[in-house]
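Data first, discussion second: the structure below is written as structure tokens.
Numbering (the numbering used here), first residue to last: 3 to 428.
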């Protein structure tokens, strides 16, 4: 969320930012919120004047009574009573206008970084760099569902009975590999100096409003019926929410956390072979990176975070590439975002396995996360990034480590989490 003072002083820049994001339908919101802000400040000024008049009148009443001027004192009391009624009306107006302003400000997009490429959607994202040599083996790579079922590691039919489409059972070595990936990612991030945490898996509406845009919420979040609670779509939500209404000491930054959670999402995606199986699902697990830092350090952290994901995947011998998200592909709170994609030898293309985002002060402003500095307080910057999110990472791992005889080689770094096993065999 932007500062209303910034919008008031820079309406043309805010509109230009909307145009760069191809959100032309929101342009009129800028003029509307500025008009509401003017009315709000007028109400504040009017209330301040009436309070001053009431205070002066109250003092005068005492003087009039002391002088025996009871009728004049009584008239002044009636005048003050009218001022009190006007103040109540102005207070209600302030409250109403403040709510209207916030409602609009929540949907005005954050200012994107000047380095973000301009494009309408993810088809115009820009490849930055490739890491590792993508290999297409001489033998056919089966669909990931078939690989897992060969090891009796995946049961979609039973999951449909218990839970519906978009869920799955994992079993045996496949389930163990799934857990191994998460444990390895956890320890990998701890070795980078991050503090491991397990957050709540449900959050209140106030936190939801603080960490994401309305469009994201409507597409992602599951609401708990009859409760002010939502299931989290990623551990970033509750991990950032932990700092709500907090003033951090400058020397306590950066706060670097790696958080584990199951994640729950409503959107399954389009139908088709690449949407079946366990690529797009309602429930999955993820190891996340979350950083709260000084504003001047956030871009440095941004580049550092996605480099950790690249390093992690390369340690598993999985080729990856990085993509810069274009303006039209950025969610409203994001300043800049880079996706990490893993190589799929079966599809002979890359697919998304992680996303790194710099949100500037947007989440901190919404949630009231401030830093106490030498010359006053200011909003922290927040960032998040995927360390590992099986089952997508599991798909990449299986495809890139499948052997011609149908076995799967376990990367050396995962073997300690698999009891020393080097292969998964049927």
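Cβ atoms here follow ideal geometry from the backbone N, Cα and C, with glycine treated the same way.
Taking the beta strand (DSSP E) that residue i belongs to, which residues open and close that run?
| i | result |
| --- | --- |
| residue 132 | 128–133 |
| residue 374 | 371–375 |
| residue 359 | 351–360 |
| residue 414 | Where residue 414 is concerned, there is no enclosing beta strand (DSSP E), given that its DSSP letter is neither H nor E. |
| residue 386 | 383–390 |
| residue 257 | 257–266 |
| residue 249 | 248–251 |
Do you know offhand how far residue i's Cα is from residue j's?
| i | j | result |
| --- | --- | --- |
| residue 210 | residue 232 | 8 Å |
| residue 170 | residue 281 | 11 Å |
| residue 156 | residue 147 | 7 Å |
| residue 408 | residue 129 | 33 Å |
| residue 207 | residue 268 | 17 Å |
| residue 163 | residue 173 | 17 Å |
| residue 384 | residue 324 | 21 Å |
| residue 175 | residue 419 | 11 Å |
| residue 158 | residue 279 | 8 Å |
| residue 393 | residue 204 | 22 Å |
| residue 98 | residue 51 | 20 Å |
| residue 91 | residue 245 | 35 Å |
| residue 183 | residue 390 | 7 Å |
| residue 273 | residue 36 | The predicted model places residue 273 with a pLDDT of 46, which falls under 50 and marks its position as unreliable, so this point remains unresolved. |
| residue 27 | residue 106 | 13 Å |
| residue 3 | residue 357 | 21 Å |
| residue 398 | residue 228 | 39 Å |
| residue 60 | residue 365 | 44 Å |
| residue 332 | residue 6 | 21 Å |
| residue 102 | residue 247 | 22 Å |
| residue 264 | residue 136 | 30 Å |
| residue 22 | residue 29 | 11 Å |
| residue 138 | residue 374 | 54 Å |
| residue 361 | residue 301 | 10 Å |
| residue 47 | residue 54 | 11 Å |
| residue 423 | residue 412 | 7 Å |
| residue 189 | residue 417 | 14 Å |
| residue 58 | residue 237 | 54 Å |
Going by CA-CA distance only, name the one from the options that's closest to residue i.
| i | options | result |
| --- | --- | --- |
| residue 222 | 283, 128, 129 | 283 |
| residue 149 | 321, 406, 421, 423 | 406 |
| residue 115 | 137, 371, 404, 326 | 326 |
| residue 42 | 187, 94, 17 | 94 |
| residue 140 | 368, 293, 348, 392 | 348 |
| residue 257 | 264, 263, 103, 241 | 241 |
| residue 177 | 151, 197, 190, 195 | 151 |
| residue 201 | 74, 102, 80, 287 | 287 |
| residue 19 | 361, 330, 401 | 330 |
| residue 143 | 410, 421, 428 | 410 |
| residue 429 | 187, 110, 315, 179 | In the structure as shown, the chain begins at 3 and stops at 428. Residue 429 is therefore absent and cannot be evaluated. |
| residue 161 | 285, 363, 17, 373 | 285 |
| residue 291 | 11, 386, 355, 346 | 386 |
| residue 32 | 416, 122, 111 | 111 |
| residue 261 | 235, 289, 304, 300 | 289 |
| residue 341 | 351, 334, 359, 335 | 359 |
| residue 196 | 303, 119, 404 | 303 |
Let's see if you can read the secondary structure: which residues bound the alpha helix (DSSP H) around residue i?
| i | result |
| --- | --- |
| residue 105 | 72–107 |
| residue 13 | 13–22 |
| residue 42 | 29–68 |
| residue 402 | 394–403 |
Ranges of the alpha helix (DSSP H) found wholly within the segment 139–187, counting only runs of at least 4: 146–152, 158–164
Inter-stretch contact at 8 Å, needing at least 3 Cβ pairs: the segment 197–217 / the segment 303–314: no
Complete runs of the alpha helix (DSSP H) confined to the segment 283–343 [at least 4 residues]: 300–317
Segment contact, 8 Å Cβ cut-off, at least three pairs: the segment 290–297 with the segment 247–257: yes
Secondary structure, alpha helix (DSSP H): runs of 4+ residues fully inside the segment 179–236: 207–213, 216–222
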